[in-house]
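Only one structure is covered here, and it is reproduced in the block below.
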Ligand code: NAD
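Numbering (full-length UniProt numbering), first residue to last: 1 to 381.
Okay, structure coming up:
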């Protein structure tokens with residue numbers, strides 16, 4: 001979905017959907033209602049902000065080039081103001097295409113001098129996973145607010161250091177969890193939390209994609225793991241916001257490697273099960289050697305599902321009562337506009353660093369469960 005018309009339609013639709021309609025966010029579920037930002041808040045955001053905040057993208061790979069930079073042409077509260085890249089060949093094209101002045105172009109060595117640049121309010125880290133911590137911390141020390149891509153980092157310790165650095169600098173940190181701004185996924189969370197089909201008993205979440213040999217995502221050092229880190233995190237997120245609880249236990253089993261060369265360093269696939277305190281169970285599967293994109297909830301009085309569930313566009317939803325009639329939107333534009341609104345108006349983000357940390361704790365527990373063959377208990381805040 002590219003047009004601002006559809007974006008307006010979504011905001012309109014969300015406005016009509018009533019103030020009580022929550023978003024997806026939750027950390028501790030006791031705090032659920034506090035952390036939710038109503039659709040009506042979102043509608044008023046555009047009126048509150050006088051100046052578009054400047055965003056600098058760090059890492060000009062596929063996601064920056066194909067999704068974030070185009071989305072920043074549709075945003076109302078923020079704009080693409082700068083770039084940070086280690087590849088000088090990319091600079092000319094980006095400068096020309098997005099009208100970026102020389103003074104807003106950085107490389108990884110001079111990145112810290114971004115602190116003197118008042119055009120840049122927010123730094124968006126779009127680098128391989130193992131680099132998220134270093135650049136988030138450097139951005140915070142340079143006095144910038146930060147959006148960091150998922151997974152937040154490759155260890156719990158790194159996530160904690162990122163949160164601490166932003167806290168010390170007095171800057172906001174959010175994770176690039178775009179689906180919290182996506183209306184099909186918001187509908188799943190609403191059906192779950194409002195018990196529209198009764199209490200959710202079972203979740204099935206699958207996110208799988210082929211990964212070509214040689215990609216950094218197959219390098220344990222840079223990716224922190226395989227499909228679980230990259231795609232499985234969507235299954236974790238989907239299960240949590242649909243059930244509306246944090247899991248208390250995980251068990252997991254790594255799949256067989258049919259291509260031992262491609263998957264020499266990371267898992268080819270993994271199945272995992274999350275158990276929730278209210279009795280719901282999520283059965284999840286993620287793989288780099290097949291296709292799959294589903295989030296399904298089975299509840300006491302019916303079912304609801306998305307297929308595809310986690311893409312940028314073309315999401316489709318069905319329930320036991322019929323199709324979901326929901327427009328696709330530009331998720332990244334809504335996500336970045338919301339963060340700019342939070343920064344400008346000192347509001348908490350619905351996708352904070354603490355949520356990224358919670359999820360990395362779950363991912364690490366899944367790996368531990370697969371390694372040991374035993375369930376791992378989780379004590380999440
Ligand atoms: P990519 O490989 O296309 O881009 C990575 C960028 O990092 C490139 O510009 C590359 O030059 C740069 N880089 C710097 N040092 C590097 C190194 N040592 N090794 C490899 N690249 C290096 O990757 P991408 O798909 O743009 O993913 C970047 C991040 O964004 C990842 O954390 C990924 O999980 C996340 N992502 C999120 C979504 C989403 O939907 N939220 C989608 C895609 C990617």
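Built from N, CA and C at the ideal position, the CB exists for glycine as well.
Looking at the secondary structure, which residues open and close the alpha helix (DSSP H) in which residue i lies?
i           : result
residue 332 : 331-345
residue 184 : 183-193
residue 357 : 353-372
Would the beta-carbon of residue i be found less than 7 Å away from any heavy atom of the ligand NAD?
i           : result
residue 352 : no
residue 294 : no
residue 329 : no
residue 220 : no
residue 62  : yes
residue 306 : no
residue 230 : yes
residue 128 : yes
residue 356 : no
residue 59  : yes
residue 86  : yes
residue 150 : yes
residue 131 : yes
residue 178 : yes
residue 94  : no
residue 303 : no
Under 7 Å Cβ to Cβ from residue i, same chain only, skipping five residues before and after it: list those, please.
i           : result
residue 27  : With a pLDDT of 49 at residue 27, under the threshold of 50, the predicted position of this residue should be treated as unreliable, and no value is reported.
residue 416 : No answer is possible for residue 416: the residues shown for the chain start at 1 and end at 381.
residue 62  : none
residue 277 : 245 and 248
residue 368 : 376
residue 211 : 217, 218 and 288
residue 135 : 58, 125 and 127
residue 29  : Because the pLDDT at residue 29 is just 39, under 50, the model does not fix this residue reliably, and the point stays unresolved.
residue 86  : 107 and 108
Excluding the 5 residues flanking residue i on each side, which residues of the same chain have their C-beta closer than 6 Å to its C-beta?
i           : result
residue 274 : 239, 247, 250 and 282
residue 179 : 185
residue 361 : 156
residue 294 : 206, 307 and 309
residue 334 : 181
residue 98  : 80
residue 64  : 57 and 126
residue 124 : 55, 57 and 147
residue 173 : 146, 166 and 353
residue 320 : 302 and 303
residue 78  : 52, 53, 55, 336 and 340
Specify, as a first and last residue, the run of the beta strand (DSSP E) that residue i falls within.
i           : result
residue 305 : 302-306
residue 393 : Outside the modelled stretch of the chain, which goes from 1 to 381, sits residue 393, for which no answer is possible.
residue 165 : Residue 165 -> not in any beta strand (DSSP E); alpha helix (DSSP H) instead, spanning 156-169.
residue 145 : 145-148
residue 56  : 53-58
residue 84  : 78-84
residue 174 : 173-175
residue 314 : Per DSSP, residue 314 belongs to no beta strand (DSSP E) and is neither H nor E.
Give me, in chain order, the residues of the same chain whose beta-carbon lies closer than 8 Å to that of residue i; leave out the 5 immediate sequence neighbours on both sides.
i           : result
residue 370 : 252, 253, 254, 267, 270 and 272
residue 363 : 151, 225, 228, 229, 232, 233 and 236
residue 141 : 112, 115, 165 and 169
residue 291 : 208, 209 and 210
residue 223 : 128, 129, 130, 154, 216, 217, 229, 230 and 266
Strictly under 8 Å for the Cβ-Cβ distance: is residue i near chain C by that measure?
i           : result
residue 352 : This model lacks chain C altogether, as it is built from one protein chain only.
Would you call the stretch 209-219 and the stretch 348-355 touching, i.e. three or more CB-CB distances under 8 Å?
-> no
Are the stretch 223-237 and the stretch 324-331 touching by the rule of at least three beta carbon pairs closer than 8 Å?
-> no
Only counting runs of 3 or more residues, tell me where the beta strand (DSSP E) segments fall wholly within the UniProt domain "GFO/IDH/MocA-like oxidoreductase" (195-302), in order along the chain.
-> 200-208, 249-254, 269-275, 281-287 and 292-299
Taking contact to mean at least 3 C-beta pairs separated by less than 8 Å, is the stretch 193-203 in contact with the stretch 294-305?
-> yes
Is it true that the stretch 93-105 meets the stretch 121-129, where meeting means three or more beta-carbon pairs spaced less than 8 Å apart?
-> no
For the stretch 106-115 against the stretch 71-80, are there 3 or more C-beta pairs whose distance is under 8 Å?
-> no
Enumerated in chain order, which unbroken segments of the alpha helix (DSSP H) with a length of 4 residues or greater are wholly contained in the stretch 95-141?
-> 132-141
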